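J.: Have a look at this one before I ask anything.
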Amino acid sequence: MERVIEFIGNHWMLSIAFVVVLYLVVQELLDNVFKRFQSMTPIAAVMHMNETETTILDVSQATDHKKEHLENAMNIPLSKLETSLGQLEPFKEKSLLVFCQTGAQSPQACKKLYKLGFHQVINLVGGLKAWDEQKLPTNKSKT
């Protein structure tokens with residue numbers, strides 16, 4: 058035990074870095090264990106949409122949505138999600154595919170939606186960027 062304390066004293070920066078990394082790894086593992094929504098790649102999402110009636114929700118900003126979005130996607134920015142529940146209420150018991158531009162905001166939206174009673178929520182991994190990389194169709198602005 059004395060050697061551990063001596064090591065920590067001699068290498069305090071390394072010890073702090075280890076604790077921070079350990080915390081982040083544990084947090085990520087716990088998030089994955091308690092995650093209540095599915096995540097799908099673009100190809101898996103297309104297969105799901107072919108088999109199941111799915112509503113598509115873009116949580117990007119309106120300006121990004123106008124530039125490019127998935128076919129038939131409704132746009133409710135993440136910041137307005139909780140105040141726009143009336144628009145989503147008809148889809149509460151249906152499959153809901155959630156995406157954003159890069160896949161960074163959609164997991165947050167999925168967590169919020171699950172807490173609000175939407176239990177068939179699917180996160181599009183990688184967002185619109187991953188969708189484009191798979192050469193899947195989108196609606197693009199002509200301007």
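Each residue of the sequence shown is one higher than the last, beginning at 58 in my numbering.
Where a beta carbon is used, it is the ideal one built from N, C-alpha and C, also for glycine.
What you are looking at is a predicted structure, and each value in this text was computed from that prediction instead of being measured.
#1: If you compare alpha carbons, which of W188, V76, A74 is closest to C157?
#2: With 16 as the cutoff for other CB atoms within 10 Å, does T120 come out buried or exposed?
#3: For L193 versus P134, is the C-beta spacing smaller than 8 Å?
#4: With L170 and L153 assumed to form a contact (beta carbons below 8 Å), what rounded beta-carbon distance in angstroms separates them?
#5: List the residues that DSSP assigns as beta-bridge partners of E125.
#6: Verify whether the separation of the beta carbon atoms of E128 and S198 is less than 8 Å.
#7: Helix, strand or coil, according to DSSP, for T112 in the structure here?
#8: Cβ atoms of E110 and K168: under 8 Å apart, would you say?
#9: Tell whether a beta-carbon distance below 8 Å holds between T112 and F148.
#10: By the DSSP assignment, the beta strand (DSSP E) with F156 in it spans what residues?
#11: Is D189 near the ligand FMN, with its Cβ less than 7 Å from a heavy atom?
#12: According to DSSP, is L142 helix, strand or coil?
#13: Please state whether the Cβ-Cβ distance between V182 and M97 is less than 8 Å.
#14: Between the Cα of G184 and the Cα atoms of S117, G143, N196, E146, which residue gives the shortest distance?
#15: Can you pull the DSSP bridge partners for V78?
T.: With the given structure in hand:
#1: Checked all of W188, V76, A74; the closest Cα to C157 is W188.
#2: The residue in question, T120, is exposed, as its Cβ has fewer than 16 Cβ neighbours within 10 Å.
#3: In this structure, P134 does not lie closer than 8 Å to L193 by Cβ.
#4: Between L170 and L153 a beta carbon distance of about 7 Å is seen, short of the 8 Å cut, so the two are scored as contacting.
#5: Per DSSP, K197.
#6: No; because the gap between Cβ atoms is not below 8 Å, this pair is not in contact.
#7: In this structure, DSSP gives T112 an extended state, which the three-state scheme calls strand.
#8: Contact: no.
#9: The criterion of a C-beta distance shorter than 8 Å is satisfied by T112 and F148.
#10: Element bounds for F156: 152-156.
#11: Of the ligands one can find in the structure shown there are none, so the ligand FMN has no counterpart to examine.
#12: Taken through DSSP and simplified to helix, strand or coil, L142 comes out as helix.
#13: A Cβ-Cβ contact shorter than 8 Å links V182 with M97.
#14: In terms of CA proximity to G184, S117 leads the group S117, G143, N196, E146.
#15: Residue pairing by DSSP places V78 opposite no residue, since no beta bridge is assigned to it.
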